[in-house]
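J.:
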Amino acid sequence: MSTMAVPDIAVAPVDEGFWTRSRKVGLTLLALGLLSAVLFGALATDQQARFTLSDDAAGAALEINGTIGAILFGIITIAAGAALLAGVPKRWFLPVLGVGLVAFVLSFLCWQVSAAPTGQNFMPLVNIIRGTFILALPLIFGALAGVLCERSGVVNVAIEGQLLMGAFSGALFGSISGSVWVGLVAAAIGGAFISLLLAVFAIRYLVDQVVMGIVLNLLAVGVTGFLYERLMQTDAAKYNSAPRFSNWEIPLLKDIPVLGPALFRGNIFLYLGLLLVLVIHIGLFRTRWGLRTRSVGEHPIAADTLGVKVLRVRYRNVLLAGVVAGIGGASYTLALYSFTKNMIGGKGFIALAALIFGRWNPTGALLAALFFGFADQLATYLGAINSVIPSQFLAMLPYLATILAVAGLVGRVRAPAADGKPYIKG
(Lines of atoms letter the chains of each structure in order from A and count residues from 1; the text may use other names and numbers.)
(Lines give C-alpha, C1' and ligand atoms only; values in the text may rest on other atoms or scores of the structure.)
Protein backbone atom coordinates (compact mmCIF):
# COMPACT_ATOMS: atom_id res chain seq x y z
CA MET A 1 0.00 0.00 0.00
CA SER A 2 1.28 3.48 -0.84
CA THR A 3 1.42 6.15 1.80
CA MET A 4 2.50 9.75 1.96
CA ALA A 5 4.71 10.81 4.82
CA VAL A 6 2.91 14.09 5.44
CA PRO A 7 -0.89 14.05 5.10
CA ASP A 8 -2.77 16.90 3.45
CA ILE A 9 -4.28 19.32 5.93
CA ALA A 10 -7.50 21.06 5.01
CA VAL A 11 -7.32 24.80 5.64
CA ALA A 12 -10.55 26.69 6.21
CA PRO A 13 -10.93 29.77 4.01
CA VAL A 14 -10.20 33.05 5.75
CA ASP A 15 -12.94 35.69 5.72
CA GLU A 16 -11.08 38.87 4.80
CA GLY A 17 -14.02 41.15 5.54
CA PHE A 18 -13.88 44.63 4.00
CA TRP A 19 -10.09 44.74 3.74
CA THR A 20 -9.63 42.22 0.97
CA ARG A 21 -6.26 41.81 -0.71
CA SER A 22 -7.51 43.93 -3.61
CA ARG A 23 -8.38 46.82 -1.30
CA LYS A 24 -5.12 46.58 0.62
CA VAL A 25 -3.14 46.69 -2.62
CA GLY A 26 -5.35 49.56 -3.79
CA LEU A 27 -4.57 51.56 -0.66
CA THR A 28 -0.85 50.95 -1.17
CA LEU A 29 -1.12 51.99 -4.80
CA LEU A 30 -3.04 55.11 -3.81
CA ALA A 31 -0.22 56.08 -1.41
CA LEU A 32 2.38 55.46 -4.12
CA GLY A 33 0.39 57.63 -6.52
CA LEU A 34 0.28 60.50 -4.05
CA LEU A 35 4.01 60.11 -3.48
CA SER A 36 4.78 60.19 -7.19
CA ALA A 37 2.43 63.09 -8.02
CA VAL A 38 3.64 65.27 -5.16
CA LEU A 39 7.27 64.30 -4.53
CA PHE A 40 8.39 63.19 -8.00
CA GLY A 41 6.47 66.09 -9.54
CA ALA A 42 8.29 68.55 -7.25
CA LEU A 43 11.73 67.04 -7.88
CA ALA A 44 11.36 66.72 -11.66
CA THR A 45 12.52 69.54 -13.92
CA ASP A 46 11.00 71.23 -16.96
CA GLN A 47 13.51 69.51 -19.24
CA GLN A 48 12.09 67.01 -21.72
CA ALA A 49 12.33 63.42 -20.57
CA ARG A 50 13.28 61.58 -23.76
CA PHE A 51 12.64 57.86 -24.25
CA THR A 52 14.56 57.05 -27.43
CA LEU A 53 13.53 54.17 -29.68
CA SER A 54 17.17 53.13 -30.15
CA ASP A 55 20.15 52.12 -28.04
CA ASP A 56 21.56 55.67 -27.85
CA ALA A 57 20.39 59.30 -27.89
CA ALA A 58 19.88 59.40 -31.68
CA GLY A 59 16.75 58.69 -33.65
CA ALA A 60 13.07 58.98 -32.87
CA ALA A 61 11.99 59.39 -29.27
CA LEU A 62 8.93 59.74 -27.05
CA GLU A 63 9.22 63.03 -25.18
CA ILE A 64 7.33 64.60 -22.29
CA ASN A 65 7.97 67.52 -19.95
CA GLY A 66 9.54 66.04 -16.79
CA THR A 67 7.27 67.80 -14.28
CA ILE A 68 4.09 67.27 -16.26
CA GLY A 69 4.94 63.60 -16.86
CA ALA A 70 5.70 62.90 -13.21
CA ILE A 71 2.42 64.46 -12.06
CA LEU A 72 0.32 62.96 -14.88
CA PHE A 73 1.53 59.40 -14.31
CA GLY A 74 1.17 59.91 -10.56
CA ILE A 75 -2.50 60.79 -11.09
CA ILE A 76 -2.96 57.63 -13.18
CA THR A 77 -1.45 55.63 -10.31
CA ILE A 78 -3.87 57.29 -7.88
CA ALA A 79 -6.80 56.42 -10.17
CA ALA A 80 -5.73 52.77 -10.36
CA GLY A 81 -5.38 52.61 -6.57
CA ALA A 82 -8.77 54.24 -6.07
CA ALA A 83 -10.36 51.73 -8.45
CA LEU A 84 -8.95 48.80 -6.48
CA LEU A 85 -9.94 50.42 -3.20
CA ALA A 86 -13.49 50.90 -4.42
CA GLY A 87 -13.63 47.25 -5.42
CA VAL A 88 -13.27 45.93 -8.96
CA PRO A 89 -14.27 42.52 -10.33
CA LYS A 90 -11.62 39.89 -9.66
CA ARG A 91 -10.80 39.51 -13.35
CA TRP A 92 -9.82 43.20 -13.48
CA PHE A 93 -7.47 43.08 -10.48
CA LEU A 94 -4.25 42.26 -12.35
CA PRO A 95 -4.85 44.63 -15.32
CA VAL A 96 -5.63 47.58 -13.02
CA LEU A 97 -2.68 46.73 -10.78
CA GLY A 98 -0.41 46.52 -13.83
CA VAL A 99 -1.53 49.93 -15.10
CA GLY A 100 -0.91 51.46 -11.67
CA LEU A 101 2.56 49.99 -11.30
CA VAL A 102 3.62 50.95 -14.82
CA ALA A 103 2.35 54.50 -14.26
CA PHE A 104 4.26 54.74 -10.96
CA VAL A 105 7.48 53.61 -12.66
CA LEU A 106 6.95 56.10 -15.51
CA SER A 107 6.39 58.91 -13.01
CA PHE A 108 9.63 57.98 -11.30
CA LEU A 109 11.46 57.85 -14.64
CA CYS A 110 10.13 61.26 -15.70
CA TRP A 111 11.73 62.66 -12.56
CA GLN A 112 15.02 60.82 -12.99
CA VAL A 113 15.45 61.37 -16.74
CA SER A 114 14.49 65.05 -16.67
CA ALA A 115 16.77 65.74 -13.69
CA ALA A 116 19.79 63.99 -15.29
CA PRO A 117 22.80 66.10 -16.32
CA THR A 118 22.55 67.83 -19.69
CA GLY A 119 23.21 65.33 -22.47
CA GLN A 120 22.13 62.39 -20.30
CA ASN A 121 18.43 63.17 -20.00
CA PHE A 122 17.32 60.29 -22.21
CA MET A 123 16.51 56.60 -21.72
CA PRO A 124 17.44 54.29 -24.62
CA LEU A 125 14.55 51.81 -24.74
CA VAL A 126 16.37 49.26 -26.92
CA ASN A 127 19.25 49.13 -24.47
CA ILE A 128 16.89 48.88 -21.49
CA ILE A 129 14.86 46.03 -23.01
CA ARG A 130 17.98 44.16 -24.12
CA GLY A 131 19.56 44.57 -20.67
CA THR A 132 16.35 43.44 -18.98
CA PHE A 133 16.33 40.17 -20.90
CA ILE A 134 20.06 39.55 -20.41
CA LEU A 135 19.80 40.09 -16.65
CA ALA A 136 16.62 37.99 -16.49
CA LEU A 137 18.12 35.01 -18.32
CA PRO A 138 19.54 33.15 -15.29
CA LEU A 139 16.28 33.88 -13.48
CA ILE A 140 14.26 32.41 -16.36
CA PHE A 141 16.33 29.22 -16.46
CA GLY A 142 16.36 28.97 -12.66
CA ALA A 143 12.61 29.52 -12.35
CA LEU A 144 11.96 26.87 -15.03
CA ALA A 145 14.15 24.46 -13.04
CA GLY A 146 11.98 25.22 -10.02
CA VAL A 147 8.80 24.60 -12.02
CA LEU A 148 10.02 21.17 -13.14
CA CYS A 149 10.93 20.14 -9.60
CA GLU A 150 8.05 21.57 -7.63
CA ARG A 151 5.38 20.51 -10.09
CA SER A 152 6.72 17.02 -9.37
CA GLY A 153 6.52 17.48 -5.60
CA VAL A 154 10.19 18.25 -4.84
CA VAL A 155 11.13 21.63 -3.36
CA ASN A 156 14.14 23.05 -5.22
CA VAL A 157 16.01 25.49 -2.99
CA ALA A 158 19.24 24.40 -4.70
CA ILE A 159 18.72 26.59 -7.78
CA GLU A 160 21.56 28.84 -6.66
CA GLY A 161 23.96 25.90 -6.51
CA GLN A 162 22.78 24.52 -9.85
CA LEU A 163 23.34 27.88 -11.56
CA LEU A 164 26.75 28.29 -9.93
CA MET A 165 27.93 24.79 -10.82
CA GLY A 166 26.72 25.31 -14.40
CA ALA A 167 28.61 28.61 -14.67
CA PHE A 168 31.79 27.04 -13.27
CA SER A 169 31.64 23.87 -15.40
CA GLY A 170 30.93 25.86 -18.55
CA ALA A 171 33.89 28.17 -17.93
CA LEU A 172 36.31 25.37 -16.97
CA PHE A 173 35.60 22.85 -19.71
CA GLY A 174 34.92 25.52 -22.30
CA SER A 175 38.38 26.94 -21.58
CA ILE A 176 40.15 23.58 -21.63
CA SER A 177 38.48 22.42 -24.86
CA GLY A 178 38.28 25.81 -26.57
CA SER A 179 34.70 24.97 -27.59
CA VAL A 180 31.55 26.76 -26.48
CA TRP A 181 29.51 23.63 -27.18
CA VAL A 182 31.66 21.48 -24.91
CA GLY A 183 31.28 24.17 -22.28
CA LEU A 184 27.50 24.17 -22.71
CA VAL A 185 27.27 20.39 -22.29
CA ALA A 186 29.56 20.54 -19.26
CA ALA A 187 27.38 23.26 -17.72
CA ALA A 188 24.29 21.09 -18.17
CA ILE A 189 26.08 18.15 -16.53
CA GLY A 190 27.29 20.36 -13.68
CA GLY A 191 23.75 21.50 -12.90
CA ALA A 192 22.48 17.92 -13.21
CA PHE A 193 25.13 16.77 -10.69
CA ILE A 194 23.69 19.07 -8.02
CA SER A 195 20.20 17.89 -8.96
CA LEU A 196 21.28 14.26 -8.69
CA LEU A 197 22.40 14.82 -5.11
CA LEU A 198 19.11 16.56 -4.37
CA ALA A 199 17.12 13.72 -5.90
CA VAL A 200 18.98 10.93 -4.11
CA PHE A 201 18.87 12.49 -0.66
CA ALA A 202 15.38 13.99 -0.90
CA ILE A 203 13.60 11.15 -2.74
CA ARG A 204 15.56 8.07 -1.71
CA TYR A 205 16.69 8.98 1.82
CA LEU A 206 13.82 11.38 2.65
CA VAL A 207 16.10 14.18 3.86
CA ASP A 208 14.28 17.48 4.45
CA GLN A 209 14.23 19.06 1.01
CA VAL A 210 14.68 22.68 2.10
CA VAL A 211 17.63 21.81 4.34
CA MET A 212 19.14 19.67 1.57
CA GLY A 213 18.83 22.51 -0.90
CA ILE A 214 20.67 24.91 1.40
CA VAL A 215 23.41 22.33 1.99
CA LEU A 216 23.84 21.83 -1.76
CA ASN A 217 24.12 25.58 -2.28
CA LEU A 218 26.93 25.71 0.28
CA LEU A 219 28.56 22.68 -1.34
CA ALA A 220 28.53 24.36 -4.75
CA VAL A 221 30.00 27.57 -3.31
CA GLY A 222 32.75 25.61 -1.55
CA VAL A 223 33.70 23.31 -4.42
CA THR A 224 33.70 26.01 -7.10
CA GLY A 225 35.51 28.46 -4.81
CA PHE A 226 38.24 25.92 -4.01
CA LEU A 227 38.78 24.92 -7.64
CA TYR A 228 38.69 28.57 -8.72
CA GLU A 229 41.57 29.39 -6.37
CA ARG A 230 43.57 26.27 -7.27
CA LEU A 231 43.08 26.35 -11.04
CA MET A 232 41.55 29.49 -12.45
CA GLN A 233 43.45 32.05 -10.42
CA THR A 234 46.79 30.35 -11.01
CA ASP A 235 46.32 29.96 -14.79
CA ALA A 236 43.39 31.99 -16.05
CA ALA A 237 44.47 31.70 -19.68
CA LYS A 238 44.11 27.92 -19.57
CA TYR A 239 41.20 27.43 -17.17
CA ASN A 240 39.14 30.64 -17.22
CA SER A 241 39.11 31.99 -20.75
CA ALA A 242 36.20 30.16 -22.34
CA PRO A 243 35.11 31.25 -25.82
CA ARG A 244 31.80 33.12 -26.04
CA PHE A 245 28.68 32.48 -28.07
CA SER A 246 28.27 35.17 -30.70
CA ASN A 247 24.97 36.94 -31.33
CA TRP A 248 22.63 35.44 -33.89
CA GLU A 249 20.48 37.79 -35.93
CA ILE A 250 17.07 36.56 -37.10
CA PRO A 251 16.19 37.94 -40.54
CA LEU A 252 13.11 40.18 -40.78
CA LEU A 253 12.41 39.98 -37.05
CA LYS A 254 15.59 41.92 -36.27
CA ASP A 255 14.17 44.92 -38.17
CA ILE A 256 11.07 45.31 -35.98
CA PRO A 257 11.30 48.74 -34.27
CA VAL A 258 12.60 48.61 -30.69
CA LEU A 259 11.89 44.91 -30.08
CA GLY A 260 13.84 43.70 -33.12
CA PRO A 261 17.29 45.02 -32.11
CA ALA A 262 16.62 44.15 -28.45
CA LEU A 263 15.39 40.56 -28.82
CA PHE A 264 16.32 39.21 -32.22
CA ARG A 265 20.01 40.06 -32.25
CA GLY A 266 20.83 38.00 -29.18
CA ASN A 267 22.80 34.91 -28.28
CA ILE A 268 21.68 31.30 -28.02
CA PHE A 269 20.73 31.62 -24.35
CA LEU A 270 18.08 34.24 -25.07
CA TYR A 271 16.43 32.15 -27.78
CA LEU A 272 16.80 28.93 -25.79
CA GLY A 273 15.31 30.49 -22.66
CA LEU A 274 12.22 31.73 -24.51
CA LEU A 275 11.89 28.43 -26.35
CA LEU A 276 12.08 26.44 -23.11
CA VAL A 277 9.29 28.54 -21.58
CA LEU A 278 7.07 27.63 -24.53
CA VAL A 279 8.08 23.95 -24.59
CA ILE A 280 7.70 23.41 -20.84
CA HIS A 281 4.36 25.26 -20.77
CA ILE A 282 2.98 23.11 -23.59
CA GLY A 283 4.53 20.00 -22.07
CA LEU A 284 3.01 20.59 -18.64
CA PHE A 285 -0.51 21.38 -19.79
CA ARG A 286 -0.88 19.59 -23.12
CA THR A 287 1.01 16.27 -22.93
CA ARG A 288 0.88 12.96 -21.08
CA TRP A 289 4.21 13.74 -19.42
CA GLY A 290 2.76 16.98 -18.10
CA LEU A 291 -0.38 15.28 -16.81
CA ARG A 292 1.72 12.70 -14.97
CA THR A 293 4.04 15.36 -13.59
CA ARG A 294 1.16 17.44 -12.24
CA SER A 295 -0.60 14.38 -10.81
CA VAL A 296 2.57 13.34 -8.99
CA GLY A 297 2.91 16.86 -7.59
CA GLU A 298 -0.73 17.08 -6.52
CA HIS A 299 -1.72 13.58 -5.39
CA PRO A 300 0.96 10.91 -5.75
CA ILE A 301 -1.17 8.17 -4.16
CA ALA A 302 -3.84 8.56 -6.83
CA ALA A 303 -1.17 8.71 -9.54
CA ASP A 304 0.45 5.52 -8.22
CA THR A 305 -2.94 3.79 -8.17
CA LEU A 306 -3.32 4.61 -11.86
CA GLY A 307 0.07 3.09 -12.67
CA VAL A 308 2.27 6.20 -12.72
CA LYS A 309 5.79 5.52 -11.43
CA VAL A 310 5.88 8.35 -8.90
CA LEU A 311 9.53 8.11 -7.86
CA ARG A 312 10.70 7.66 -11.44
CA VAL A 313 8.85 10.81 -12.53
CA ARG A 314 10.37 12.76 -9.65
CA TYR A 315 13.92 11.56 -10.35
CA ARG A 316 13.62 12.34 -14.05
CA ASN A 317 12.18 15.82 -13.59
CA VAL A 318 14.66 16.81 -10.87
CA LEU A 319 17.57 15.80 -13.12
CA LEU A 320 16.01 17.67 -16.05
CA ALA A 321 15.69 20.73 -13.82
CA GLY A 322 19.41 20.54 -13.08
CA VAL A 323 20.20 20.48 -16.80
CA VAL A 324 18.05 23.58 -17.38
CA ALA A 325 19.58 25.48 -14.45
CA GLY A 326 23.10 24.46 -15.46
CA ILE A 327 22.55 25.94 -18.92
CA GLY A 328 21.26 29.07 -17.22
CA GLY A 329 24.51 29.32 -15.27
CA ALA A 330 26.45 29.02 -18.52
CA SER A 331 24.69 32.18 -19.75
CA TYR A 332 27.16 34.02 -17.51
CA THR A 333 30.44 32.39 -18.45
CA LEU A 334 29.82 31.46 -22.09
CA ALA A 335 28.27 34.78 -23.09
CA LEU A 336 29.22 37.59 -20.70
CA TYR A 337 31.89 37.15 -18.03
CA SER A 338 34.82 35.10 -16.81
CA PHE A 339 34.06 32.96 -13.78
CA THR A 340 34.52 34.47 -10.31
CA LYS A 341 33.81 33.08 -6.85
CA ASN A 342 30.10 32.98 -6.00
CA MET A 343 29.32 34.97 -9.13
CA ILE A 344 25.61 34.07 -9.10
CA GLY A 345 25.21 36.36 -6.09
CA GLY A 346 21.79 35.23 -4.90
CA LYS A 347 20.13 35.08 -8.32
CA GLY A 348 19.02 31.51 -7.56
CA PHE A 349 16.91 32.75 -4.66
CA ILE A 350 15.43 35.50 -6.84
CA ALA A 351 14.59 32.77 -9.37
CA LEU A 352 12.83 30.92 -6.56
CA ALA A 353 10.86 34.11 -5.83
CA ALA A 354 10.02 34.39 -9.56
CA LEU A 355 8.72 30.82 -9.42
CA ILE A 356 6.36 31.72 -6.55
CA PHE A 357 5.42 35.09 -8.04
CA GLY A 358 4.62 33.28 -11.31
CA ARG A 359 2.45 30.76 -9.44
CA TRP A 360 4.44 27.69 -10.54
CA ASN A 361 3.59 28.41 -14.17
CA PRO A 362 6.32 28.72 -16.85
CA THR A 363 4.74 31.79 -18.45
CA GLY A 364 4.17 33.44 -15.08
CA ALA A 365 7.75 32.66 -14.09
CA LEU A 366 8.99 34.33 -17.31
CA LEU A 367 7.04 37.51 -16.59
CA ALA A 368 8.22 37.57 -12.98
CA ALA A 369 11.84 37.06 -14.07
CA LEU A 370 11.51 39.97 -16.51
CA PHE A 371 10.12 42.12 -13.69
CA PHE A 372 13.18 41.41 -11.55
CA GLY A 373 15.49 41.78 -14.55
CA PHE A 374 14.03 45.21 -15.24
CA ALA A 375 14.63 46.25 -11.62
CA ASP A 376 18.27 45.18 -12.01
CA GLN A 377 18.67 46.99 -15.33
CA LEU A 378 17.00 50.10 -13.94
CA ALA A 379 19.54 50.20 -11.11
CA THR A 380 22.35 50.05 -13.70
CA TYR A 381 20.77 52.81 -15.79
CA LEU A 382 20.24 55.14 -12.82
CA GLY A 383 23.86 54.69 -11.82
CA ALA A 384 24.96 55.60 -15.37
CA ILE A 385 23.06 58.91 -15.34
CA ASN A 386 24.45 59.86 -11.92
CA SER A 387 21.13 59.61 -10.11
CA VAL A 388 20.85 61.41 -6.76
CA ILE A 389 19.66 58.12 -5.27
CA PRO A 390 22.58 56.55 -3.34
CA SER A 391 24.37 53.74 -5.16
CA GLN A 392 23.90 51.44 -2.16
CA PHE A 393 20.14 51.76 -2.51
CA LEU A 394 20.35 51.14 -6.26
CA ALA A 395 22.24 47.91 -5.57
CA MET A 396 19.41 46.87 -3.26
CA LEU A 397 16.71 47.60 -5.83
CA PRO A 398 16.37 44.10 -7.39
CA TYR A 399 16.16 42.49 -3.95
CA LEU A 400 13.64 45.07 -2.69
CA ALA A 401 11.54 44.38 -5.78
CA THR A 402 11.71 40.66 -4.94
CA ILE A 403 10.51 41.20 -1.37
CA LEU A 404 7.71 43.56 -2.38
CA ALA A 405 6.52 41.31 -5.18
CA VAL A 406 6.38 38.12 -3.14
CA ALA A 407 5.17 39.65 0.13
CA GLY A 408 2.83 42.33 -1.17
CA LEU A 409 1.64 41.62 -4.71
CA VAL A 410 1.41 37.89 -5.14
CA GLY A 411 -1.00 37.40 -2.25
CA ARG A 412 -1.90 33.92 -1.13
CA VAL A 413 -0.81 31.26 -3.59
CA ARG A 414 -1.13 27.51 -3.45
CA ALA A 415 1.88 25.39 -4.22
CA PRO A 416 1.34 21.89 -5.64
CA ALA A 417 -0.34 19.92 -2.85
CA ALA A 418 2.45 17.33 -2.50
CA ASP A 419 5.30 19.83 -2.86
CA GLY A 420 8.00 18.98 -0.32
CA LYS A 421 6.22 15.85 0.93
CA PRO A 422 8.28 12.66 0.66
CA TYR A 423 6.50 9.70 -0.88
CA ILE A 424 7.09 6.21 0.47
CA LYS A 425 5.97 3.31 -1.68
CA GLY A 426 5.02 0.37 0.48
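Under full-length UniProt numbering, the sequence shown has 364 at position 364, and the numbering climbs by one with no breaks.
Even glycine gets a Cβ: it sits at the ideal position worked out from N, Cα and C.
Could you name the residues that DSSP lists as bridge partners for M165?
T.: Partner(s): none; M165 has no beta bridge.
J.: Please state the DSSP three-state secondary structure of D8.
T.: Because D8 carries a pLDDT of 43, less than 50, the predicted location of this residue cannot be relied on, and the following value inherits that uncertainty. Looking at D8 - three-state DSSP - the assignment turns out to be coil, as it is neither helix nor strand.
J.: Roughly how many whole angstroms lie between the Cα atoms of A5 and K421?
T.: Confidence at A5 is low in this model, with a pLDDT of 42, below 50, so its placement is unreliable and the value that follows should be read with caution. Computed Cα separation, rounded: 7 angstroms.
J.: Using DSSP with H/G/I as helix, E/B as strand and the rest coil, what is F264?
T.: If DSSP states are grouped into helix, strand and coil, F264 belongs with coil.
J.: Ignore the nearest five residues each way along the sequence and tell me which others in I159's own chain have a CB closer than 7 angstroms to its CB.
T.: G142, A145, G146, A325, G348, A351, L352, listed in sequence order.
J.: Can you give me the C-alpha to C-alpha distance between G322 and K309, rounded to a whole angstrom?
T.: Approximately 20 angstroms, taken between the alpha carbons.
J.: Would G119 be called buried (16 or more neighbouring beta carbons within 10 Å of its own) or exposed?
T.: By the neighbour-count rule (16 or more Cβ atoms within 10 Å), G119 is not buried but exposed.
J.: When DSSP labels each residue in this structure, what does L206 get in the three-state scheme?
T.: DSSP places L206 in coil when its eight states are reduced to three.
J.: Please confirm if the stretch 180 to 193 is in contact with the stretch 372 to 391, defined as three or more CB-CB distances below 8 angstroms between the two stretches.
T.: Touching, no.
J.: Spatial neighbours of G41 within its chain, please: C-beta separation below 7 angstroms, excluding the five flanking residues on both sides.
T.: Same-chain partners within the cutoff: T67, A70, I71, G74.
J.: Nearest-angstrom Cα distance between N342 and G225?
T.: Roughly 7 angstroms separates the two Cα atoms.
J.: Quick check: what's the CA-CA separation for A171 versus I76?
T.: So the two alpha carbons sit approximately 47 angstroms from each other.
J.: Which residues in the same chain have their Cβ closer than 8 angstroms to the Cβ of L106, if we skip the five residues on either side of it in sequence?
T.: Taken in chain order, the residues that qualify are G69, F73.
J.: Please give the ranges of any alpha helix (DSSP H) in the stretch 298 to 329, keeping only runs that are unbroken, at least 4 residues long and fully inside the region.
T.: The stretch 298 to 329 contains these whole alpha helix (DSSP H) runs: 300 to 305.
J.: Based on DSSP bridge pairs, tell me the residues matched to N217.
T.: Per DSSP, none; premise fails for N217.
J.: Using 10 angstroms around the beta-carbon of D46, count the other beta-carbons present and answer buried if the total reaches 16, otherwise exposed.
T.: By the neighbour-count rule (16 or more Cβ atoms within 10 Å), D46 is not buried but exposed.
J.: Quick check on this structure: which residue in I344, V258, T293, E298 has the alpha carbon closest to the alpha carbon of V221?
T.: The candidate whose alpha carbon is nearest that of V221 is I344.
J.: Looking at the secondary structure, which residues open and close the alpha helix (DSSP H) in which R50 lies?
T.: Run containing R50: none in the alpha helix (DSSP H); it sits in the beta strand (DSSP E), 48 to 52.
J.: For I64, list the residues DSSP reports as bridge partners.
T.: Answer by DSSP bridge pairing, in chain order: A49.
J.: Going by C-alpha distance, which of A199, L43, A384 is nearest L148?
T.: Among A199, L43, A384, the Cα nearest to that of L148 is on A199.
J.: Helix, strand or coil: which one does DSSP assign to M123?
T.: M123 falls in the strand class under three-state DSSP.
J.: Is the Cβ-Cβ distance between L27 and G100 less than 9 angstroms?
T.: No, they are not a contact pair.
J.: Which residues does DSSP pair with E249 in a beta bridge?
T.: In the DSSP output, where bridge partners are listed per residue, E249 has R265.
J.: Is the Cβ-Cβ distance between L39 and I78 less than 9 angstroms?
T.: Cβ distance not < 9 angstroms, so L39 and I78 don't count as in contact.
J.: Go through its chain and collect everything with a Cβ distance to A116's Cβ below 6 angstroms, but skip five positions before and after it.
T.: Once the five neighbours on either side are set aside, the close Cβ partners of A116 are I385.
J.: Got a sec? Which residues, its chain only, sit under 7 angstroms from V182 by beta carbon, not counting five neighbours each side?
T.: Answer for V182: F173, G174, listed in chain order.
J.: Where D208 and L164 are concerned, what is the direct C-alpha to C-alpha distance, given to the nearest angstrom?
T.: The alpha-carbon atoms of D208 and L164 are separated by roughly 22 angstroms.
J.: Of the choices F108, R294, I327, whose alpha-carbon is the least far from that of A415?
T.: That would be R294, whose Cα lies nearest to the Cα of A415.
J.: Can at least three beta-carbon pairs, one atom from the stretch 358 to 369 and one from the stretch 129 to 141, be found at a separation below 8 angstroms?
T.: As far as the Cβ criterion goes, the stretch 358 to 369 touches the stretch 129 to 141, which means the pair count is three or higher.
J.: Please go through the same chain and pick out, in chain order, the residues whose beta-carbon is closer than 6 angstroms to the beta-carbon of Y228, but skip the five residues on each side of it.
T.: For Y228, where only same-chain residues beyond five positions count, the Cβ hits under 6 angstroms are K341.
J.: When DSSP labels each residue in this structure, what does D15 get in the three-state scheme?
T.: Below a pLDDT of 50, predicted positions are generally treated as unreliable, and D15, at 47, falls in that range; no measurement from the model is reported.
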